[in-house]
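Chemist: Keeping their order, the protein sequence lines are chains S and D. 432 is the number of the first residue of the first sequence in this note's numbering; add one for each residue after it. 954 is the number of the first residue of the second sequence in this note's numbering; add one for each residue after it. Got a structure for you, written out below as structure tokens; questions coming shortly.
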Amino acid sequence: GQQVQQSPASLVLQEGENAELQCNFSTSLNSMQWFYQRPGGSLVSLFYNPSGTKQSGRLTSTTVIKERRSSLHISSSQTTDSGTYLCAMELSSGSWQLIFGSGTQLTVMP
Amino acid sequence: GGIITQTPKFLIGQEGQKLTLKCQQNFNHDTMYWYRQDSGKGLRLIYYSITENDLQKGDLSEGYDASREKKSSFSLTVTSAQKNEMAVFLCASSIGKNTGQLYFGEGSKLTVL
């Protein structure tokens, strides 16, 4: 089965609303990362988060390694937040690769 | 800061053709990666390289070759393009030491006629 489960698959918000995106992992992991993918393809790293909580502006990432889960909270969403959010995990085995989830497609309406 | 440059941005080929994608990075990163993304799906690793002249297969390496002649460049070859090869190919790099934070290029979109 899938090692990385992302939810929801898609989300539509009104500007100003908050969003909570989730990732659950089926195996042990060393760390995980959150990426934002612009319409058109390029990925931007949001957080490299071995564990705990990290904040950058309106974005907050919380990872609990022991519980194999991570969340991304977007507060006061803006139309420019629209795009796809991907989480990826680094396996404990040190296999030098990230396992990606299928992504959450976020649309923020004006 | 650095940048990852992928060429070409769009590549159109014929079924059965051999096609090459190139990637350059000026971060001075040790590790480089090629991922493939199919529409509406996450990324899957094709090849990675932890240093110059090193090559490691990912889960999706069959049907591809790769080459890391210099620290700054990593190329990917589709050995025989198939109709179901229409996808976006993404190059990335990281400083090394496990996986670390990844930095991605803009992507190369492949269409096979």
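For each residue, glycine too, the CB sits at the ideal point set by N, CA and C. Remember, predicted model here, so these are calculated numbers, not experimental data.
Excluding the 5 residues preceding and the 5 following residue 1003 of chain D in the sequence, name in chain order all residues of the same chain whose CB lies nearer than 8 Å to its CB.
Modeler: Here residue 1003 of chain D is taken as the residue at index 50 of the second sequence, counted from 1. For residue 1003 of chain D, where only same-chain residues beyond five positions count, the Cβ hits under 8 Å are 983, 984, 1009, 1049.
Chemist: From what residue to what residue does the beta strand (DSSP E) around residue 536 of chain S run?
Modeler: On the first sequence, position 105 is the one that residue 536 of chain S refers to. Here the beta strand (DSSP E) through residue 536 of chain S covers 535-540.
Chemist: Looking at C-alpha atoms only, which residue of D:994, D:971, D:961 is the closest neighbour of residue 1034 of chain D?
Modeler: Counting from 1 along the second sequence, the entry for residue 1034 of chain D is found at position 81. Measuring from the Cα of residue 1034 of chain D, the nearest candidate turns out to be D:971.
Chemist: Taking 8 Å as the threshold (C-beta atoms), are residue 455 of chain S and residue 468 of chain S in contact?
Modeler: Here residue 468 of chain S corresponds to residue number 37 of the first sequence, with the count starting at 1. Here residue 455 of chain S corresponds to residue number 24 of the first sequence, with the count starting at 1. Not closer than 8 Å, so no.
Chemist: Would you list the one or two residues that DSSP bridges to residue 491 of chain S?
Modeler: Here residue 491 of chain S corresponds to residue number 60 of the first sequence, with the count starting at 1. According to DSSP, which records beta bridges pairwise, residue 491 of chain S is partnered with S:486, S:504.
Chemist: Reducing DSSP to helix, strand and coil, say where residue 496 of chain S ends up.
Modeler: For the purposes of this step, residue 496 of chain S is identified with residue 65 of the first sequence, where counting begins at 1. Residue 496 of chain S: helix per DSSP, three-state reduction.
Chemist: Would you kindly work out how many angstroms separate the C-alpha atoms of residue 438 of chain S and residue 477 of chain S, rounded to a whole number?
Modeler: Here residue 438 of chain S corresponds to residue number 7 of the first sequence, with the count starting at 1. Here residue 477 of chain S corresponds to residue number 46 of the first sequence, with the count starting at 1. Each residue's alpha carbon lies about 17 Å from the other.
Chemist: What residue range does the beta strand (DSSP E) around residue 1003 of chain D cover?
Modeler: In the second sequence, residue 1003 of chain D corresponds to position 50, counting from 1. Premise fails: residue 1003 of chain D is in no beta strand (DSSP E) and is neither H nor E.
Chemist: For residue 1018 of chain D, which of helix, strand or coil comes out of DSSP?
Modeler: Along the second sequence, one-based indexing puts residue 1018 of chain D at 65. Strand.
Chemist: Rounded to whole angstroms, what is the Cα-Cα separation between residue 1000 of chain D and residue 1061 of chain D?
Modeler: Your numbering for residue 1000 of chain D matches position 47 in the second sequence. Your numbering for residue 1061 of chain D matches position 108 in the second sequence. Distance between the alpha carbons of residue 1000 of chain D and residue 1061 of chain D: 16 Å.
Chemist: Identify, in the order they occur along the chain, each residue of the same chain with its Cβ nearer than 7 Å to the Cβ of residue 1012 of chain D, setting aside the five sequence neighbours on each side.
Modeler: Taking the first residue of the second sequence as position 1, residue 1012 of chain D is located at position 59. Contacts found: 997, 998.
Chemist: Answer yes or no: does any C-beta atom of chain S fall closer than 8 Å to that of residue 1054 of chain D?
Modeler: Taking the first residue of the second sequence as 1, we reach residue 1054 of chain D at position 101. Yes, because at least one Cβ of chain S sits closer than 8 Å to the Cβ of residue 1054 of chain D.
Chemist: If you follow the beta strand (DSSP E) that residue 989 of chain D is part of, which residue opens it and which one closes it?
Modeler: For this step, residue 989 of chain D is matched to residue 36 along the second sequence. Element bounds for residue 989 of chain D: 984-990.
Chemist: So with Cβ pairs under 8 Å, would you call residue 467 of chain S a contact of chain D?
Modeler: Locating residue 467 of chain S in the first sequence gives position 36, counting from the first residue. Chain D contact via Cβ: absent.
Chemist: Would you check if the distance between the CB atom of residue 510 of chain S and the CB atom of residue 475 of chain S is smaller than 8 Å?
Modeler: Numbered from 1 along the first sequence, position 79 holds the residue referred to as residue 510 of chain S. Numbered from 1 along the first sequence, position 44 holds the residue referred to as residue 475 of chain S. No; because the gap between Cβ atoms is not below 8 Å, this pair is not in contact.
Chemist: Interface residues of chain D around residue 531 of chain S at Cβ under 7 Å?
Modeler: For this step, residue 531 of chain S is matched to residue 100 along the first sequence. Near residue 531 of chain S (Cβ distances below 7 Å), the residues of chain D are 995, 996.
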